[in-house]
């Protein structure tokens, strides 16, 4: 069974997101070690899951949408 994909990890730059192993960038197991796969939030921004069909179940989609539609703090 695949691990649940983190929607908003605290430090996505520390992990390779290319497979279910989520290896540290300095000890990747599945690739040739040349470069890591970036998290979608690094490429597309924090609202990455609200656009497109990423194949997540409804609970994940609702969580992502609630995070992106929360009112902005103005104070």
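Residue numbers (our numbering): 10 to 84.
All residues carry an ideal CB built from backbone N, CA and C; glycine is no exception.
Nearest to residue i (by Cα), restricted to the options the options
{"i": "residue 59", "options": "12, 13, 17", "result": "17"}
{"i": "residue 29", "options": "62, 39, 65", "result": "39"}
{"i": "residue 45", "options": "61, 55, 57, 31", "result": "31"}
Neighbourhood of residue i by C-beta distance below 7 Å, restricted to the same chain and skipping five residues each side
{"i": "residue 52", "result": "none"}
Burial state of residue i, where buried means 16 or more other Cβ atoms lie within 10 Å
{"i": "residue 20", "result": "exposed"}
Between the CA atoms of residue j and residue i - distance to the nearest angstrom
{"i": "residue 43", "j": "residue 49", "result": "19 Å"}
{"i": "residue 26", "j": "residue 61", "result": "19 Å"}
Contacts around residue i, its chain only, beta-carbon distance under 8 Å, and the 5 residues preceding and following it disregarded
{"i": "residue 24", "result": "18, 31, 32, 33, 34, 45, 48"}
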